[in-house]
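Here the structure comes first, spelled out in structure tokens, and everything after it is commentary.
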């Protein structure tokens with residue numbers, strides 16, 4: 001009777017453990033934790049051991065039924081009680097994941113699954129580029145003024161060509177301007193009837209090129225004359241020769257280093273032959289042209305009172321400077337040769353004043369003063385015979 005009671009008590013304890021195990025499995029399925037699954041396996045092993053002990057107890061009870069025997073219920077019950085307590089602790093641990101299990105070292109809490117990376121919204125379509133603005137109409141081209149200027153030159157010396165000193169040559173330049181400067185699109189030099197330089201010939205090499213042109217009013221109304229500076233130099237193998245012309249210095253040269261090699265040195269006048277037509281430069285269109293007469297003189301003056309004069313003043317492209325020519329009694333009193341460039345003032349479209357304070361010893365030409373509003377001019381200079389002065393009165397303008 002006593003064994004039967006012990007076995008029944010053990011069976012009740014086993015049933016209680018089975019219920020706790022079932023509850024733990026259910027909670028495991030709900031939470032799916034790897035650590036709790038291992039704990040459930042441990043409880044199952046302990047439950048199997050308890051059943052085995054219970055079976056042995058039953059067999060022993062049948063074998064010794066009726067005889068006195070020392071009871072094994074106490075140790076078995078203690079074992080089952082310990083198992084029950086472990087099951088309770090395991091259940092509590094599964095309900096409290098942040099707490100530690102009773103057996104073994106504490107387990108770290110499982111890291112939560114990473115949150116899915118945010119999916120960026122699709123990029124907004126780029127705005128359509130604005131329509132390009134309508135291209136501005138090109139500015140109207142300035143009308144080009146053209147002229148052909150000619151200088152009568154002579155051969156100073158020549159090698160490589162059958163040209164004697166003094167042989168005639170012609171320097172012909174095509175000039176073009178939009179009003180503010182003059183350039184030289186073409187140049188040709190002919191000596192002895194044959195061209196020795198043409199800018200249109202093939203180059204087949206390098207060219208260091210520069211040009212400059214100065215425009216002045218001619219002695220006759222409606223005519224204009226030009227001074228020329230032209231350089232075209234550099235190593236070359238084509239037909240084009242090299243050239244250097246400076247009419248202000250009244251000299252020039254044409255040469256060729258490749259076969260047939262030659263060199264021709266020239267002399268030419270400062271200004272070209274007069275060209276009829278309109279001026280190429282806007283500044284030249286403001287030139288002053290007046291007739292005048294000598295009203296008085298002192299010292300060894302080159303002209304006498306009463307002599308008739310012609311005055312020409314041409315503003316240059318570089319502002320504030322004018323080229324002045326004063327001829328009286330057939331003699332150039334001011335502006336002879338390459339001289340006559342001085343300070344001047346242009347008011348509106350007319351020359352108002354001209355001033356050159358240096359005499360020939362200091363500036364290369366006489367001193368000159370002109371006041372158009374007053375209608376008077378003065379020329380003075382110093383020479384071997386002493387100082388002299390000439391007074392000029394302008395004729396009324398037409």
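Residue numbers (the working numbering): 1 to 398.
Glycine included, C-beta positions come from ideal geometry on N, C-alpha and C.
Is the beta carbon of residue 311 less than 9 Å from the beta carbon of residue 394?
What you label residue 311 is simply residue 311 of the chain shown in a count that begins at 1. What you label residue 394 is simply residue 394 of the chain shown in a count that begins at 1. For residue 311 and residue 394, yes; Cβs fall inside 9 Å.
Helix, strand or coil for residue 73? Go by DSSP, reduced to three states.
Translated into positions along the chain shown, residue 73 becomes position 73. Because the pLDDT at residue 73 is just 48, under 50, the model does not fix this residue reliably, and the value given afterwards should be weighed accordingly. Three-state DSSP puts residue 73 in a helix.
How big is the Cα-Cα spacing for residue 188 and residue 368?
In the chain shown, the residue the question calls residue 188 occupies position 188. In the chain shown, the residue the question calls residue 368 occupies position 368. One C-alpha to the other measures close to 38 Å.
Can you tell me which of 347, 335, 383, 264 puts its alpha carbon nearest to the alpha carbon of residue 170?
Here residue 170 refers to the residue found at position 170 when the chain shown is read from its first residue. Minimum Cα distance to residue 170 is reached at 264.
Do the region 200-211 and the region 233-248 make contact, defined as three or more Cβ pairs closer than 8 Å?
Pairwise C-beta distances place the region 200-211 in contact with the region 233-248, as three or more of them are shorter than 8 Å.
Could you give the DSSP three-state label for residue 201: helix, strand or coil?
On the chain shown, residue 201 is found 201 positions in, with the first residue counted as 1. Coil at residue 201, not helix or strand.
Which of the three DSSP states is assigned to residue 208 in this structure?
As a first step, residue 208 is located in the chain shown; it is residue number 208 there, counting from the start. In the structure shown, residue 208 adopts extended strand secondary structure according to DSSP, grouped into three states.
Extent of the continuous beta strand (DSSP E) run through residue 339:
The residue given as residue 339 occupies position 339 in the chain shown. Looking at the DSSP string, residue 339 is not in any beta strand (DSSP E), and its letter there is neither H nor E.
3-residue-minimum beta strand (DSSP E) runs that sit fully inside the region 224-301, ordered along the chain
242-246, 251-256, 262-267, 288-298
Could you tell me which of 162, 293, 225, 306 sits nearest to residue 194, measuring between CA atoms?
Position 194 of the chain shown, counted from the first residue, corresponds to residue 194. For the residues 162, 293, 225, 306, the minimum Cα distance to residue 194 belongs to 162.
Excluding the five sequence neighbours on either side, which residues of its own chain have a C-beta within less than 7 Å of the C-beta of residue 191, listed in chain order?
Counting from one through the chain shown, the residue named residue 191 turns up at place 191. So the qualifying residues of the chain are 155, 163, 167, 169, 264.
Is it a yes or a no for the region 273-290 touching the region 299-308, going by three-plus beta-carbon pairs under 8 Å?
no
Residue 361 - DSSP class collapsed to helix/strand/coil:
Position 361 of the chain shown, counted from the start, is the residue given in the question as residue 361. Three-state result, residue 361: helix.
Could you check which residue in 357, 175, 259, 179 has the C-alpha nearest to that of residue 160?
The residue labelled residue 160 in the question sits at position 160 within the chain shown. The shortest C-alpha separation from residue 160 is found at 259.
Could you check what DSSP says for residue 26 in three-state terms: helix, strand or coil?
What you label residue 26 is simply residue 26 of the chain shown in a count that begins at 1. Three-state DSSP puts residue 26 in a helix.
Assign residue 372 to one of three DSSP states: helix, strand, or coil.
For this step, residue 372 is matched to residue 372 along the chain shown. Coil.
Residue 336 and residue 365 - do their beta-carbons sit closer together than 9 Å?
Sequence index remark: in the chain shown, residue 365 carries index 365 (1-based). Sequence index remark: in the chain shown, residue 336 carries index 336 (1-based). Yes, Cβ-Cβ distance for residue 365 and residue 336 is below 9 Å.
Identify, in the order they occur along the chain, each residue of the same chain with its Cβ nearer than 7 Å to the Cβ of residue 338, setting aside the five sequence neighbours on each side.
Your numbering for residue 338 matches position 338 in the chain shown. Here the set comprises 248, 270.
Where does residue 94 sit, in a helix, a strand or coil, going by DSSP?
Position 94 of the chain shown holds residue 94. Any reading at residue 94 must be qualified, since the residue scores a pLDDT of 49, below 50, and its modelled position is unreliable; the value itself is stated next. Reduced to three states, the DSSP call for residue 94 is helix.
Do you know offhand how far residue 359's Cα is from residue 268's?
Here the question's residue 359 lines up with position 359 in the chain shown. Here the question's residue 268 lines up with position 268 in the chain shown. Distance from the CA of residue 359 to the CA of residue 268, rounded to the nearest whole angstrom, comes to 27 Å.
Below 7 Å CB to CB, which residues in the same chain sit around residue 250 once its five sequence neighbours on both sides are set aside?
Position 250 of the chain shown holds residue 250. Taken in chain order, the residues that qualify are 267, 268, 269, 270.
For the beta strand (DSSP E) holding residue 386, just list the boundary residues, first then last.
In the chain shown, residue 386 corresponds to position 386, counting from 1. Looking at the DSSP string, the run of the beta strand (DSSP E) that includes residue 386 is 386-394.
Three-state class that DSSP yields for residue 187 in the structure shown:
Position 187 of the chain shown holds residue 187. Looking at residue 187 - three-state DSSP - the assignment turns out to be strand.
What does a CB cutoff of less than 6 Å around residue 182 pick up in its chain, not counting 5 residues either side in sequence?
Counting from 1 along the chain shown, the entry for residue 182 is found at position 182. Hits under 6 Å: 175, 213, 280.
For a quick check, are the C-beta atoms of residue 217 and residue 229 less than 9 Å apart?
Position 217 of the chain shown, counted from the start, is the residue given in the question as residue 217. Position 229 of the chain shown, counted from the start, is the residue given in the question as residue 229. In this structure, residue 229 does not lie closer than 9 Å to residue 217 by Cβ.
DSSP has residue 380 in a bridge; who is on the other side?
Numbered from 1 along the chain shown, position 380 holds the residue referred to as residue 380. Its beta-bridge partners are 367, 389.
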